[in-house]
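Scroll down for the structure; my scribbles are underneath it.
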Amino acid sequence: MAQEIQHPRPAADWETRAWWEGCGRGELVLQRCNTCDIVQFRPRAVCAKCLSNDLEHFVASGRGHIYTFTVTYQNQLPPFREACPYVLAYVELEEGPRLMTNIVECDPESATVGMPVVADFQAVESKHGDVFAVPRFRPE
Ligand SMILES: [Zn+2]
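If you use the numbering used here, the sequence shown corresponds to residues 4 to 143, in order.
So, in structure tokens, the structure goes:
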């Protein structure tokens, strides 16, 4: 049976720290632009639509659906080799943004476009007091 992908510790910087710390708490922390109201992912210093720097962070619902996906049957690079076959997907969050992620706790043959999913977090190595996790999704 395939093992879970063991993700490396993310390299957080000042733009992405709120995201990774949120994941460490089991939360998806997104950015909303207070000028044009768009919700964006990935985290940035400015709004990707209007370039305003008036952004706020908020905790998203953690729910979404599979926008598109592929099943990877061969990948010789660790840590993926032991996890084959696995589902690599774009999940569209309820709040709008899409993110590339894995679908876990799901038979790869049963994944479908539009399948409702919920965030699930894998803790990664803690360093310097940082508690980070990598978000994946599982069927709701
Ligand atoms: Zn904006």
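All C-beta atoms in this analysis are idealised placements derived from N, C-alpha and C, irrespective of residue type, glycine included. Here the structure is a predicted model, which means the values were calculated and not measured.
Apart from sequence neighbours up to five positions away, the residues of its chain that approach TRP23 with a beta-carbon distance below 6 Å are PRO13, ALA15 and PHE135, ordered along the chain. The DSSP-derived three-state label of GLU59 is strand. Taking each of GLN6, LEU96 and ASP133 in turn and checking the Cα distance to GLY27, the smallest one comes out for ASP133.
Taking each of PRO138, VAL116, ASN37 and MET118 in turn and checking the Cα distance to GLN125, the smallest one comes out for PRO138. Here CYS50 carries a coil assignment [DSSP, helix/strand/coil].
Any heavy atom of ligand 1 within less than 6 Å of a residue's beta carbon puts that residue on the list, which reads CYS36, THR38, CYS39, ILE41, CYS50, LYS52, CYS53 and SER55.
From the listed residues THR38, GLU112 and VAL62, the smallest Cα separation to GLU98 is found for VAL62. For GLY29, there is no enclosing alpha helix (DSSP H), as DSSP marks it with neither H nor E.
CA-to-CA, the gap between ALA122 and THR104 works out to about 10 Å.
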